Amino acid sequence: MIKNRLFIKILVTYLCIIISTLAMLGVLLSFLLNNFFIYNKQMEMQVKSNDITKLVKPFLINKRDPAELISLLNLADRNLGTEIWVIDPRGFVIAAAADQEAHEGNLVDPADIREMQQGKVSIRKGKSQLYDETVLWVITPVVEENNRVIGGIIMYSPIIGIAQTMLKVRNLFIYSAVVSILFSTVVVYFLSRYVTGPLQKMNRVAKQLASGNLAERVSVKQGDEIGDLGMAFNHMAAQIEKNEKMRRDFLADVSHELRSPLTSIQGFIEAMIDGKDKTPEKRKKYLGILHDESLRLARLVNELLDLSKLESGSMNIVRESVDMAKIVQDSAIRVNAAVNDKEIRVYQDEPGQNVMVMGNRDRLEQVMTNLLDNACRFAPAGSEIGVRLSGNAADITVSVRDQGEGIPEEDLPHIWERFYKVDKARSRGQGGTGLGLAIVKHIIQSLGGRVFVSSVKGSGTEIGFVLPRSR
19 MIKNRLFIKI
29 LVTYLCIIIS
39 TLAMLGVLLS
49 FLLNNFFIYN
59 KQMEMQVKSN
69 DITKLVKPFL
79 INKRDPAELI
89 SLLNLADRNL
99 GTEIWVIDPR
109 GFVIAAAADQ
119 EAHEGNLVDP
129 ADIREMQQGK
139 VSIRKGKSQL
149 YDETVLWVIT
159 PVVEENNRVI
169 GGIIMYSPII
179 GIAQTMLKVR
189 NLFIYSAVVS
199 ILFSTVVVYF
209 LSRYVTGPLQ
219 KMNRVAKQLA
229 SGNLAERVSV
239 KQGDEIGDLG
249 MAFNHMAAQI
259 EKNEKMRRDF
269 LADVSHELRS
279 PLTSIQGFIE
289 AMIDGKDKTP
299 EKRKKYLGIL
309 HDESLRLARL
319 VNELLDLSKL
329 ESGSMNIVRE
339 SVDMAKIVQD
349 SAIRVNAAVN
359 DKEIRVYQDE
369 PGQNVMVMGN
379 RDRLEQVMTN
389 LLDNACRFAP
399 AGSEIGVRLS
409 GNAADITVSV
419 RDQGEGIPEE
429 DLPHIWERFY
439 KVDKARSRGQ
449 GGTGLGLAIV
459 KHIIQSLGGR
469 VFVSSVKGSG
479 TEIGFVLPRS
489 R
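Going letter by letter, the sequence shown gives residues 19 to 489 in my numbering.
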């Protein structure tokens, strides 16, 4: 169905272009050739008329015997293929080739006589007073040395030969147009197959993708735009497959992360219902665990909502000039109060340097909190966490470095992905959700910056970001 529709559209387009082009060329060519043939015939007759005038002039001057003049005209008529008349100054026929008696004494058209009497050469085309068919005729005056008109020569020539030539040209043109149309139909047929073949494959694969078979791909070998379209289609299919896998993994990760605090909450509530919290100490312990798990659940839901808004672009982040040093100091103090066995120290390459950036205070505080929390979870007890601020003329760089075990090199490209954990079991035990760094990346990119990470196994990890300075 697609092939037929496209074939008809291409064919109709080609035919419209070819027919309209041939029609315009045919009309123009017919007009030009017809004018060319007639013009050449007129010039030929005018030259011959001048030659005949030179032969006739002595007869008119000396008023010699018309019989001798008629014999001369008959000879010229046979050689030139035209009918020749000799007229006097008033326009009456004196002598005529071929049929002297039929034309002798006839008066030619008064308009032709007037121009001849003025010494002008007249060239006419059409039906004369003596011929029903279309003819060409040339009236050439015979002039004495004193410029007195003593007569004239009229040469008549039918243009049926030109008409026959033009008919042959038109027939040849029509035959060529028919052959062109047939050839174009064949070309369009193979062109439509060349174009629609890959399109049909893409249509079939698209239906397979829609039915859930995401591994299907198009095999397109053309090296042109159709091949590019096929490659783009395969790339799209690969992205769909990748996104579908990410969606399934995301749902599985979300379910897993939600199940853990919910299972814990459910278990301790059932224990309290069964009366296992008989002593105040146990009740306090159970309630503390329930409180921690509910906070963990709320934090996970909030992070999921933030990440969803960031990825969809629906989170409105207003950019303004903010002091990055103040945000780093405040965040370090807030997180340091929550961890008693680690020390967070802030270093600035040039103390007092202007470190104003274009950002959003709330979102940058969220970024710093996530980075510091992440470092605190993986840093050994009693170790130091360093936050460094540096800058150049265009950018400000903020990095957080811990003294933990580091991240394997193969895991570094994936740490910004949702729910990705280098050590899932340990991360879960320390309260990580695997969303913090994904949120950091989206916030920094939305503010026009970039994130980076460097780590050596056994020597700690440095994670940071770069933002443009405030102008």
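No residue lacks a Cβ here, since even glycine has one placed at the ideal position from N, Cα and C. Quantities reported herein were computed from a predicted structural model and do not represent experimental measurements.
Handout entry: Sub-9 Å separation of E275 and F437 beta-carbons
Key = In this structure, E275 sits near F437, with a CB-CB distance shorter than 9 Å.
* Simplified DSSP state of I214, which is helix, strand or coil -> Note that residue 214 is Thr in the sequence shown, not Ile. For T214, the three-state secondary structure derived from DSSP is helix.
*Tell me whether K186 is buried or exposed, calling it buried when 16 or more other Cβ atoms sit within 10 Å of its Cβ.*
Residue burial annotation: K186 is exposed, with fewer than 16 other C-beta atoms found within 10 angstroms of its C-beta.
By the 10 Å Cβ neighbour count, where 16 or more other Cβ atoms means buried, how is C394 classified, buried or exposed? Around the beta carbon of C394, 16 or more other beta carbons lie within 10 angstroms, which makes this residue buried.
Tell me the residue span of the beta strand (DSSP E) that contains E428. Segment: none, E428 is in no beta strand (DSSP E) and carries neither H nor E.
Inset, instruction - On a CA-only basis, which of K27, I414, V30 is nearest M342? Give me that one, please. - result: The shortest C-alpha to C-alpha distance from M342 to any of K27, I414, V30 is the one to I414.
**Prompt:** Using the beta-carbon count (16 or more within 10 Å), is F286 buried or exposed?
**Reply:** Buried, because 16 or more other Cβ atoms sit within 10 Å of the Cβ of F286.
### Query
Quick one: complete alpha helix (DSSP H) runs, 4+ long, within the segment 266–342?
For the segment 266–342, whole alpha helix (DSSP H) runs of length 4 or above, ordered along the chain, are 298–330.
Q. Between the segment 171–179 and the segment 207–221, do at least 3 Cβ pairs fall closer than 8 Å?
A. The answer is no - the segment 207–221 does not touch the segment 171–179, with fewer than three Cβ pairs under 8 Å.
Review point. Name the DSSP bridge partner or partners of M374?
Key: Residue pairing by DSSP places M374 opposite D341 in a beta bridge.
Check your understanding: Should the segment 288–301 be called in touch with the segment 426–436, which here means at least 3 C-beta pairs below 8 Å?
Key -> No: the two stretches stay apart, fewer than three of their Cβ pairs being nearer than 8 Å.
Nearest-angstrom Cα distance between V126 and N52?
-> As the crow flies, the alpha-carbon of V126 is around 27 Å from that of N52.
Please classify S38 as buried or exposed, where buried requires at least 16 other C-beta atoms within 10 Å of its C-beta.
Label assigned to S38: exposed.
Assuming L390 contacts S349 under a Cβ cut-off of 8 Å, what Cβ separation, rounded to an integer in Å, is found between them? 6 Å between Cβ atoms; contact.
Decide yes or no for the touch test of the segment 230–241 against the segment 251–266: beta carbon pairs closer than 8 Å, at least 3 of them. With a cut-off of 8 Å on Cβ pairs, the segment 230–241 is in contact with the segment 251–266, counting three or more such pairs.
* Residues bridged to M101 by DSSP? -> Checking the displayed sequence, the identity of residue 101 turns out to be Glu instead of Met. DSSP, once it has assigned bridges, lists Y174 as partnering E101.
- Query: Is T31 helix, strand or coil when you go by DSSP?
  - Reply: Residue state, collapsed to three classes: helix.
**Buried or exposed by the 16-neighbour rule on C-beta atoms within 10 Å, applied to G400** = Burial call: exposed.
Short check: CB of M374 to CB of S464, under 9 Å? Cβ atoms of M374 and S464: not closer than 9 Å.
Just mark S476 as buried or exposed, buried being the case when its beta carbon has 16 or more other beta carbons within 10 Å. What sits at residue 476 in the sequence shown is Gly, not Ser. With fewer than 16 other beta carbons inside 10 angstroms of its own, G476 counts as exposed.
Inside the segment 364–426 only - beta strand (DSSP E) runs reaching at least 3 residues | Runs of the beta strand (DSSP E) inside the segment 364–426: 374–377, 402–409, 413–419.
Problem - Cα-Cα separation, G449 to R314 - result: Only weak support is given to the placement of G449: the predicted model assigns it a pLDDT of 47, under 50, and the value that follows is read from those uncertain coordinates. Distance between the alpha carbons of G449 and R314 is about 7 Å.
Item to check | Status (buried if at least 16 other CB within 10 Å, exposed otherwise) for V223 | outcome: Under this definition V223 is a buried residue.
ask   = Relative to the alpha-carbon of Q421, which residue among T479, V405, L455 has its alpha-carbon at the smallest distance?
value = Checked all of T479, V405, L455; the closest Cα to Q421 is T479.
Fill in: Euclidean distance between Cα positions of N164 and N189
When rounded, the distance between both Cα atoms is 53 Å.
Query raised in the report: Considering only residues of the same chain and omitting the five flanking positions on each side of V336, which have a CB-CB separation below 7 Å?
Result: Hits under 7 Å: N378.
Whole angstroms are fine: how far does the CA of V197 sit from the CA of L73? Distance between the alpha carbons of L73 and V197: 53 Å.
**OP:** Reducing DSSP to helix, strand and coil, say where G449 ends up.
**Re:** No answer about G449 holds up, because its pLDDT of 47 lies below 50 and its placement is not dependable.
- By a C-beta neighbour count over all protein chains shown, 10 Å radius and 16 as the cutoff for buried, is P398 buried or exposed? By the C-beta density criterion, P398 is exposed, having fewer than 16 other C-beta atoms within 10 angstroms.
Close beta carbons around N354, own chain, < 6 Å, minus the five adjacent residues each side | Cβ neighbours of N354 within its own chain (closer than 6 Å, five residues either side excluded): I362.
(Q) On a Cα-Cα basis, can you pick out the residue from G452, I307, T71, D271 that is closest to I283? (A) The alpha carbon of I283 has as its nearest neighbour, out of G452, I307, T71, D271, the alpha carbon of I307.
Determine the direct distance from the alpha carbon of E162 to that of P76, and round the result to whole angstroms. Taking the straight line joining both Cα atoms gives about 10 Å.
In whole angstroms, give me the CA-to-CA distance for M290 and S278. Distance between the alpha carbons of M290 and S278: 19 Å.
- Item | Touching by the beta-carbon criterion (3+ pairs, under 8 Å), the segment 381–389 and the segment 456–473 | In short, these stretches touch, since the Cβ pair count reaches three.
- Relative to the alpha-carbon of E339, which residue among E288, P486, Q60 has its alpha-carbon at the smallest distance? The sequence given here places Ser at residue 339; Glu does not occur at that position. That would be P486, whose Cα lies nearest to the Cα of S339.
Does the distance from the CB of F470 to the CB of G452 come in under 9 Å? Taking 9 Å as the Cβ cut-off, F470 and G452 do not qualify as a contacting pair.
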